[in-house]
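Presented below is the structure to which this report refers.
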Amino acid sequence: MENGIKPFNIDKENLLRRINVEKGMISLTDLWKAAGSNPQQTPAKWQETESAKGFLLAVSRLLNIAKNDVLKSKQGKGGGTYAHKQVALEYAQYLDPQLGVLVNEVFFQRIEEEKNPDLAVNRAIKTYKKQGRSDKWIMERLEGKGIRNLFTSTLAEHGVNGEGYRDCTNAIYNPLLGGKAEMVRKERNLPKSANIRDNLSFIEL
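Position one of the sequence shown corresponds to residue 1 (UniProt numbering), numbered consecutively onward.
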């Protein structure tokens, strides 16, 4: 390809799981990772290009929105560079045209899920069924997601951020699964990006 990126190869469902969307803003950092993490095309480097500077200014002026609502950085869990949907689409196109098309679909699907959370639950159930999971396993996993969210919220209230979430999670994995997340993935032949809890048995959940 002209931009030097390997041909984009990821489906919509995988992209939905990998791209964070918060309050209508899309994670450019996650897009960059999904496209192959080319060190020459990080969100920061892209922002330095003249075309990006002009586009960011145009979005701010034409849509009459503050710069902080166009592009912002977030620290801690899920941190990175987040941007307005128009900016995210522009950046995705810059990374890979195919990614741009998928981002457009993903963004609107996520917006609908924010309006109606049941859609996100239905999507998760559908995905797990495709993986051959039983109804009993799915219900246990969804309940576990709720407990996990409560756990991370409690940690945040006590000042935990960044790698602190990882350390607390490993403190749980050690006695239950026999090692830290990295070791568990290695022993189970899971990819580095795999969600361990999605690969546990019903008993382990």
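Beta carbons are placed, not taken as given, at the ideal position from N, Cα and C, and that holds for glycine.
From what residue to what residue does the beta strand (DSSP E) around residue 72 run? To locate residue 72, count along the sequence shown from 1; it is residue 72. Note, residue 72: beta strand (DSSP E), 71-74.
Please report the distance separating the alpha-carbon of residue 171 from that of residue 185. Taking the first residue of the sequence shown as 1, we reach residue 171 at position 171. Taking the first residue of the sequence shown as 1, we reach residue 185 at position 185. Rounded to whole angstroms, the gap between the alpha carbons of residue 171 and residue 185 is 15 Å.
Length-filtered (4 minimum) alpha helix (DSSP H) runs lying within the region 124-196: Runs found: 135-157, 163-177, 181-187.
Residue 178 versus 192, 164, 196, 142, residue with shortest Cα-Cα distance: Numbered from its first residue, the sequence shown carries residue 178 at position 178. Considering only alpha carbons, the answer is 196.
In whole angstroms, give me the CA-to-CA distance for residue 117 and residue 134. Counting from one through the sequence shown, the residue named residue 117 turns up at place 117. Counting from one through the sequence shown, the residue named residue 134 turns up at place 134. As the crow flies, the alpha-carbon of residue 117 is around 22 Å from that of residue 134.
Residue 54 - DSSP class collapsed to helix/strand/coil: Taking the first residue of the sequence shown as position 1, residue 54 is located at position 54. The answer is helix: DSSP assigns residue 54 an H, G or I state.
Can residue 82 and residue 46 be called in contact, C-beta distance under 8 Å? Indexing the sequence shown from 1 puts residue 82 at position 82. Indexing the sequence shown from 1 puts residue 46 at position 46. Not a contact, by the Cβ cut-off of 8 Å.
So, do the region 125-133 and the region 48-59 have three or more beta carbon pairs nearer to each other than 8 Å? As far as the Cβ criterion goes, the region 125-133 does not touch the region 48-59, which means the pair count is below three.
From the DSSP output, which residues share a beta bridge with residue 83? Taking the sequence shown and counting its residues from 1, the one referred to as residue 83 is at position 83. Note: residue 83 sits in a beta bridge opposite 26, 71.
Pull up the distance between the alpha-carbon of residue 124 and that of residue 79, whole angstroms please. Sequence index remark: in the sequence shown, residue 124 carries index 124 (1-based). Sequence index remark: in the sequence shown, residue 79 carries index 79 (1-based). Going by the C-alpha atoms only, they are around 23 Å apart.
Tell me the rounded alpha-carbon separation between residue 103 and residue 192. For the purposes of this step, residue 103 is identified with residue 103 of the sequence shown, where counting begins at 1. For the purposes of this step, residue 192 is identified with residue 192 of the sequence shown, where counting begins at 1. Straight-line Cα distance between these residues: approximately 23 Å.
Given a cut-off of 8 Å, decide if residue 85 and residue 26 are closer than it, judged by their beta-carbon atoms. Mapped onto the sequence shown, residue 26 falls at position 26. Mapped onto the sequence shown, residue 85 falls at position 85. In contact: residue 26 and residue 85 (Cβ atoms closer than 8 Å).
If you draw a straight line from the C-alpha of residue 200 to the C-alpha of residue 48, how long is it? For the purposes of this step, residue 200 is identified with residue 200 of the sequence shown, where counting begins at 1. For the purposes of this step, residue 48 is identified with residue 48 of the sequence shown, where counting begins at 1. Between residue 200 and residue 48, the C-alpha separation is close to 43 Å.
To the nearest angstrom, how far is it from the Cα of residue 28 to the Cα of residue 96? Residue numbering aside, residue 28 sits at position 28 when the sequence shown is read from its first letter. Residue numbering aside, residue 96 sits at position 96 when the sequence shown is read from its first letter. Cα to Cα, the separation comes out at about 13 Å.
Please classify residue 71: is it buried, with 16 or more other beta-carbons within 10 angstroms of its beta-carbon, or exposed? For the purposes of this step, residue 71 is taken as residue 71 along the sequence shown, with counting starting at 1. Buried: at least 16 other Cβ atoms inside 10 Å.
Got a sec? Which residues, its chain only, sit under 6 Å from residue 92 by beta carbon, not counting five neighbours each side? Translated into positions along the sequence shown, residue 92 becomes position 92. Here the set comprises 31, 99, 100, 103.
Nearest candidate by alpha-carbon position, reference residue 223, set 61, 68, 164, 149: The displayed coordinates of the chain run from 1 to 205. Any statement about residue 223 would go beyond what the structure contains.
So, are the CB atoms of residue 156 and residue 169 less than 8 Å apart? Looking up residue 156 in the sequence shown gives position 156. Looking up residue 169 in the sequence shown gives position 169. At the C-beta level, residue 156 and residue 169 stay beyond 8 Å of one another.
For residue 47, report the span of its alpha helix (DSSP H) as first-last. Within the sequence shown, residue 47 is the residue found at index 47, counting from 1. Residues 43-47.
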